[in-house]
Structures are given as structure tokens and as C-alpha cells.
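K.L.:
Numbering (this note's numbering), first residue to last: 10 to 350.
Cβ atoms here follow ideal geometry from the backbone N, Cα and C, with glycine treated the same way.
Structure provided below as C-alpha cells; questions to follow.
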């Protein structure tokens, strides 16, 4: 089978590997599509894992199951999460699935951009979801990224009537926009410097946008809101500097959600009394778990999130490097996927 293997940020190769042998409690997936994640193109983040078969947003058809598997059968169309929790540890009992040691150690084999994937038992039983016939496999690739947005909005305690500022309007920013509206935000304002993405945000329901290439984020938001600023600020870029800008845009009593990590070595220098006396909360949200993927699939089934709206580019596995470059440039594109025959 063919796989896309990353050796460094500038070295992604299409290679041949044997189709994995499954155990009695595992399943074999024939991959139909796999998304390229914005996290895949953070150089410092992905290179520390190299060499690896990249991709963690696969959807496909189960073509074989182990003798003890009863939950799925050959021919089932599924999304599979690359991590799955144990459901029994202290973290899982609190719903903190991404801190579960089993979640952290679990994996699909060899990775998402692979013609076939071994789904280990823990992933199969604890975070694999059937796709209804009305959903495409490309829709299925959006379950995991949508679930990350679901988790972030849940953690940020968004409530009906909030004004939400979203900094960064790539595919994840637009998903935050679409779901913030579903969670009841009264007004959603987007900020970016790429005209294509600013226009997409308006097309998908943003009440206003700020082009940060021509005006400051804080001044733009102040003008739009009449000085009220935002109850929730979602910071997308992996930058401590932008995180600080986000903190300047939140109103007293509000929350700032760090949706992405900062680059290694970056620091935030904060005035704790400013946070304390203004009751400002900083919230982080890393990845997602089974409750989030289940909710995400519901939003996709409702058509709130769809491949037709968000996937702009499709590539064969042999052009994974090209898809990777397109995503890393963050220009006139949203979601790129690798598709399989």
C-alpha cells in the first residue's frame, strides 16, 4: 500500500508499506479521504514526531475485522479518531479525555494518509463513528477538526447573546464561526489579513470582519462594538504575540480561548491584577475526545459543517507534499484533503 511519510518539513515522500495484519479485536480500514490539519503544518510540532506517516483525519470503509469484533462489520463507512481514551481512569471520569494515558498512547497504524489503516481495538470501540449514507467520506474527514471546535466552545462556556471575536479565519476559524452561531452567539466578528478568508467569513455569516493588514485588531473591534469589545475571543494563530492581542480585546468578565499552542520558547507576560479585577479567564483547549466527536458528527449531519463549504482542494496521495505546501501557505485555500480511489 502507498503511504505519505514525512521525514522533515520539506521532505514528504510517497512510499510503499505492507498492508497491516489485524488482530482479533482490530479492524482494517480502506481509506477514502484524509484531511491535512493546520497542526500538521506547524513545523516545530510535526518535525519532533518525524519520521511518521502524516495525517490524522481519515474516513473510509472497513474491509476486514478480527474474529472478536461485533461493533462494526465489513462495508461499514466510518470516521476513526487517531486517539481514544480508556473511559475508566481519573481523567476520563472527569471528561478530560486528552489527558488519559491511553488516549495519549493510542494511534491508528501507520497514520491517516495511507491506503489502508489498522484500527486498534481501543480506537475501534471507543472513538470510531459510523457515517450515514447521506454523508460523503470527505464530510467524515471533518469530524475530528469539528470536534476540536466543539470542545473549545464548550470549555469557553459560550452563552446565547455573546459577542465573539475569532482571530484567524482559516478552516478552523471558519468552523468556530459557524458553530459559535449554533451555540447562540449574537454577533461574530472575524479577523485575518487574507482577503479570500475575510470574504469567506462574511459569506458564512460573520457580522463584521477586521482586516488586520490595514488596521489594528483592537481599534477595529472597538469601532465595531462601540467600545464594548468581546465576551469571547478565540485566538487561532500559534503566536504569543497574537495571544496578547486577544487579551486586549476581551471585555471585563469575558474569556480568551487559546485554540492553538504558541511556538516553543515564546512567553506571555501578564498583569495578574488586570485579569483578576476584570474577571478575565484564559482558557485552553487541546484536541478532542469521544463526546466531542459525537457532537461534531451531529453538526455535520445537520449540514452546519460540510465538505462542500470547507474543502477547497483535493489531491491524490502522490501529491501530498503539494497539499502540505498549500496548507502551510495559508492563502487562498481552506481545507485540503487527500482522496483515494
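#1: Quick check on residue 135: does DSSP put it in helix, strand or coil?
#2: For residue 198 and residue 216, I'd like the C-alpha separation in whole angstroms.
#3: Compute the Euclidean distance between the alpha carbons of residue 334 and residue 295, then round it to the nearest angstrom.
#4: Looking at the unbroken beta strand (DSSP E) that takes in residue 145, where does it start and where does it end?
#5: Roughly how many whole angstroms lie between the Cα atoms of residue 336 and residue 319?
#6: Can you give the Cα-Cα distance for residue 117 and residue 129, rounded to whole angstroms?
#7: Can you look up residue 40 in the DSSP assignment and give me helix, strand or coil?
#8: Start and end of the beta strand (DSSP E) containing residue 263?
#9: Just how far apart, CA to CA, sit residue 168 and residue 246?
#10: For residue 67, which of helix, strand or coil comes out of DSSP?
#11: Hey, how far is the Cα of residue 25 from the Cα of residue 218?
#12: Please state if the CB of residue 302 and the CB of residue 187 are separated by a distance shorter than 9 Å.
#13: Per DSSP, which one or two residues make a beta bridge with residue 175?
#14: Would you mind listing the beta strand (DSSP E) stretches within the stretch 251–319 that are 3+ residues and don't spill past its ends, in chain order?
#15: Could you check how far apart the C-beta atoms of residue 259 and residue 238 are, in whole angstroms? I think they sit under 8 Å.
#16: Relative to the C-alpha of residue 125, which residue among 37, 313, 180 and 300 is closest?
#17: How would you write the range of the beta strand (DSSP E) that residue 348 sits in, first residue to last?
#18: Determine which residues share a DSSP beta bridge with residue 12 and list them.
#19: My guess is that residue 279 and residue 244 are in contact by the Cβ rule of under 8 Å, so how many angstroms apart are they, rounded?
#20: For a quick check, are the C-beta atoms of residue 342 and residue 205 less than 9 Å apart?
#21: Does the stretch 27–46 come within contact of the stretch 145–152, defined as at least 3 CB pairs closer than 8 Å?
#22: To the nearest angstrom, report how far apart residue 176 and residue 262 are at their CA atoms.
#23: Classify residue 179: buried if its beta carbon has 16 or more other beta carbons within 10 angstroms, exposed otherwise.
#24: With residue 340 and residue 203 assumed to form a contact (beta carbons below 8 Å), what rounded beta-carbon distance in angstroms separates them?
#25: What do you reckon, are the CB atoms on residue 150 and residue 316 nearer than 9 Å?
#26: If we count Cβ pairs, one from each stretch, closer than 8 Å, do we get three or more for the stretch 13–28 versus the stretch 319–332?
#27: Which same chain residues end up closer than 7 Å to residue 56 when comparing Cβ atoms and leaving out the 5 residues on each side of it in sequence?
#28: Using the beta-carbon count (16 or more within 10 Å), is residue 53 buried or exposed?
#29: How about residue 65 and residue 153: do their beta carbons lie closer than 9 Å?
#30: To the nearest angstrom, how far is it from the Cα of residue 194 to the Cα of residue 109?
P.N.:
Put simply:
#1: helix
#2: 6 Å
#3: 24 Å
#4: Per DSSP, residue 145 belongs to no beta strand (DSSP E) and is neither H nor E.
#5: 13 Å
#6: 7 Å
#7: strand
#8: 259–267
#9: 24 Å
#10: strand
#11: 46 Å
#12: no
#13: 199 and 243
#14: 259–267 and 290–293
#15: 6 Å
#16: 37
#17: 344–348
#18: 24 and 123
#19: Between residue 244 and residue 279 the Cβ distance is about 14 Å, and since that is not below 8 Å, they are no contact.
#20: yes
#21: yes
#22: 19 Å
#23: buried
#24: 6 Å
#25: yes
#26: yes
#27: 17 and 18
#28: exposed
#29: yes
#30: 31 Å
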